[in-house]
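> Input: one structure, supplied below.
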Amino acid sequence: MSNKTTTATAAEQPYEVDECLGVLRVYSDGSIWRSSEPNIKVPVHDDSSVVWKDALFDSTHDLHLRLPASPSSTKLPVFYYFHGGGFCIGFRAWPSSQNYCIKLALDLQAVIISPDHRLAPENQLPAVIDDGYMAVKWLQALAVSEEPDTWLTAVADFSKVFISDYSAGGNIAHNLAVRLGAGSPELASILVKGYVLLVPFFGGTTKTKSEAEDLKESLLNWELIDRFWRLSIPVGNTTDHPLVNPFGAQSQSLEPLDFDPILVAMGGSDLVKDRANDYAKRLQNSGKEIHYAEFEGWQHCFQYAPRDVPEDIEAISHGVIGSLMRISSCVKSI
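Below, the structure is given as C-alpha cells:
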C-alpha cells in the first residue's frame, strides 16, 4: 500500500519541461518560475551623467517603461528601445539594457524610452506586439495631455520619434512599422521618422543557410531559438506565423505598404543574419527606403559588447544608429 502511495505522489510532482538561460523554467503542470536576476550579471554603469525615471504606460497589465534622457537645454529626439529575449525573458531594468540605454542617451543626445512587455509563455504572440503599440500610444497621449509630465515634455521633440530594438524587439519594431505605416498618421501628435532593427528575430519553417550551419555563438544557438518560438507562438501555429515570418504563406504582402526609413544592423557571425539580410533585400527590391549594416565577426547582440572592447566597434554601432536618426544612407549597401 505504501509503495502505491509513494508512486502516486511522485507522479503528481511537476517536472521541468522547458528552461531558458537559467532565468525561466516551465513545469509539466503549467506553472512557471522566473528569476528576478538576469542571466548575464554585469554592473550598472550609471555615473549620473544621464537622468532617468520610470513611468506606467499600461495600468491593465501593470507595464512600465524607463526614460533615460541626456541633460539638454534644447528639445531632443525620442528613441524607443524594445529589449530582446525571445519574447520570453528580459526586463527594462536589467543591467545590460540599462547600460545600453544610458549610453544611447549620451551618444545620440536623445530621450530613450525603454518599455517592458508581457512575456511568453504566459502571454504568447500577439501580446508583445500589442504592448509595443500601447507604449507608443502612451507617448501620443502624453503629447496632447492637458496635464502632461513636464519632465518629459520639456525635453522631448515629438516630431522626431524613432523606434529601435534588438533581437525579439526587432520583430516588435517591424510589426509596428507595418501597423503604423509611413508618417504614422494615426499617431497625429507625434511623428515616427524611422526604425532601427538591431539583429532582428524572425523565423520560418525553412532554415536559411546560416541557420542550417548552426553557427556557434556564445549567446544564441538553434536549440534556444527553437525553444523561444515554441514558447511564444500560439499553440497550433508554426514559425511561418505572420508575426514571426514577414514573408510566410499566410503573411500579408509588404510590397504595397509604405514604410518610414528602416535600418537593419547585424553581426557577421550571427546565426540569424541570413534571414535579416533577406528581409532587407526584399524590402529594398519593393522600393522601400531600407539600409543594411553588417559588422564582420560579431555575434548576436553585439551592441551589448563589454566596455573593454575596442572603442571603434562601439563607435560604429552607435554611428550607424545615429545615421538613421539623420536619415542618411552612409551604411553598407545590401
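Residue numbers for the sequence shown follow full-length UniProt numbering, so the first one is 1 and each next one is one higher.
For glycine and all other residues, C-beta sits at the position ideal for the given N, C-alpha and C.
Excluding the five sequence neighbours on either side, which residues of its own chain have a C-beta within less than 6 Å of the C-beta of residue 195, listed in chain order?
If we look at residue 195 and ignore the five residues flanking it on each side, its Cβ neighbours are 163, 173, 177, 262.
> Fully enclosed by the region 174-220, which beta strand (DSSP E) runs are 3 residues long or longer?
With a minimum length of 3 residues, the continuous beta strand (DSSP E) runs that stay inside the region 174-220 are 192-198.
> So what's residue 137 in DSSP terms, helix, strand or just coil?
Helix at residue 137.
> Distance, Cα to Cα, residue 121 vs residue 73?
The straight-line gap from Cα to Cα measures roughly 44 Å.
> Distance, Cα to Cα, residue 109 vs residue 236?
Each residue's alpha carbon lies about 45 Å from the other.
> Contact between the region 36-45 and the region 83-99: three or more CB pairs below 8 Å?
The region 36-45 vs the region 83-99: in contact.
> Locate the alpha helix (DSSP H) running through residue 151, then write down its first and last residues.
150-153 is the extent of the alpha helix (DSSP H) around residue 151.
> Near residue 273, what residues of its chain come up, given a Cβ to Cβ distance below 6 Å and the 5 sequence neighbours on each side ignored?
Within the same chain, residue 273 has close Cβ partners 210, 266.
> With DSSP as the reference, identify every bridge partner of residue 92, one or two as the case may be.
Per DSSP, none; premise fails for residue 92.
> Would you mind giving the Cβ-Cβ distance between residue 97 and residue 117, rounded to the nearest angstrom? I have them listed as a contact below 8 Å.
So it is not a contact: roughly 12 Å between Cβ atoms.
> Just checking my contact of residue 264 with residue 220 at CB under 8 Å: how many whole Å lie between their CB atoms?
That pair is no contact at about 17 Å.
> Is it buried or exposed, residue 312, if we count other Cβ atoms within 10 angstroms and call 16 or more buried?
In this prediction, residue 312 has a pLDDT of 42, which is less than 50 and means its spatial position is unreliable; what the coordinates show is noted afterwards. With fewer than 16 Cβ atoms within 10 Å of its Cβ, residue 312 is classed as exposed.
> Across the region 222-242 and the region 130-138, are there enough close Cβ pairs to call them in contact, namely three or more that are closer than 8 Å?
The region 222-242, when compared against the region 130-138, does not touch it at the 8 Å Cβ threshold.
> Can you look up residue 341 in the DSSP assignment and give me helix, strand or coil?
Given a span of 1 to 334 for the chain in the structure shown, any question on residue 341 remains unanswerable.
> Per DSSP, what kind of secondary structure is residue 307 in: helix, strand or coil?
Confidence is the limiting factor: at residue 307 the pLDDT is only 43, short of 50, which leaves the residue's position unreliable, though a coordinate-based value still follows. Residue state, collapsed to three classes: coil.
> Do residue 140 and residue 182 have their CB atoms nearer than 8 Å?
The answer is no: Cβ separation not under 8 Å.
> Could you name the residues that DSSP lists as bridge partners for residue 32?
The partner list for residue 32 (beta bridge, DSSP) reads 26.
> List the residues that DSSP assigns as beta-bridge partners of residue 287.
BP columns for residue 287 are empty, so no partner.
> Between the region 147-156 and the region 57-75, do at least 3 Cβ pairs fall closer than 8 Å?
Touching, per the Cβ criterion.
> Please report the straight-line C-alpha distance between residue 165 and residue 61, rounded to a whole angstrom.
Rounded to the nearest angstrom, the two C-alpha atoms are 21 Å apart.
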